[in-house]
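Engineer: Going letter by letter, the sequence shown gives residues 1437 to 1625 in this note's numbering.
A single structure is presented below for examination.
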Amino acid sequence: MANSPRILAFSGSARKASLNRQFLAVAVQAVREAGGEVTLLDLNDYELPLYHGDLEEAEGLPANAQKLIGLIMQHDALLIASPEYNSMITPLLKNTIDWCTRGDDDPFEGRVAAVISASPGALGGIRSLQLAQQLLLKLGCHVVPGQTMLPHANKAFDAAGRLVDERTAKSVQALAAKLVQTALRLAPR
């Protein structure tokens, strides 16, 4: 695609064997197939202290927060896997977003965003997915509508990491296509 949108993808899970990381890998491939150019981040490479106003006042914005803000601003859209911990988004994801809103720039404003979630439970992380969507909307993102979750995620992948359920695979492909199309139309350039 000549005018490929740039998509920044990351998971709110720090675990290497995270189900959400696996699901994100599937979604990243679908976005690439839909014509998006994807940068896949590991938030473990951008460690941040727990957000604290006094710390920010004393030490300023951490270097890793500045790097993340720069990366967000270099991309047209976000693809976020939002795990669910106790019916909420993860502390890692919330803390990352909190730090990224503290600089002089407004990195989320006008960005297109899509959220996915995977869980070994029957609800597929829907509560965290919805909370992440609400947060991104509040920050000024154009959130791609829909709910792409993966319930019973511990049984959802084959040995090669592909989704075993064709309906779920089609749902991911549809979300990826919407993300790419929406980013082409709405993303800041």
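Heads up, the beta-carbon is just placed ideally off N, CA and C, and yes, glycines get one too.
Given the structure is predicted, the values throughout are model-derived calculations rather than measurements.
Could you name the residues of the same chain whose beta carbon sits closer than 7 Å to that of Ser1607, not counting the 5 residues immediately before and after it, in chain order?
Structural biologist: Excluding residues within five positions, the ones whose Cβ falls inside 7 Å are Thr1584.
Engineer: Are the C-beta atoms of Val1551 and some chain D residue less than 8 Å apart?
Structural biologist: In summary, chain D is missing from the structure at hand, where a single protein chain is found.
Engineer: Should the stretch 1480-1493 be regarded as contacting the stretch 1530-1547, the criterion being three or more beta carbon pairs within less than 8 Å?
Structural biologist: Flag = yes, the stretch 1480-1493 and the stretch 1530-1547 touch.
Engineer: According to DSSP, which residues form a beta bridge with Met1524?
Structural biologist: BP columns for Met1524 point to Tyr1521.
Engineer: Please identify the residue among Arg1598, Lys1530 and Gln1617 whose C-alpha is closest to the C-alpha of Gln1570.
Structural biologist: Comparing Cα positions, the closest option is Lys1530.
Engineer: If you compare alpha carbons, which of Gln1617, Leu1528, His1588 and Leu1504 is closest to Gly1561?
Structural biologist: Minimum Cα distance to Gly1561 is reached at His1588.
Engineer: Residues in the same chain with beta-carbon distance under 6 Å from Ala1619, minus the five sequence neighbours each way, listed in chain order, please.
Structural biologist: Counting only Cβ-Cβ distances below 6 Å, and skipping sequence neighbours, we find Pro1441, Asp1512, Ala1513 and Val1548.
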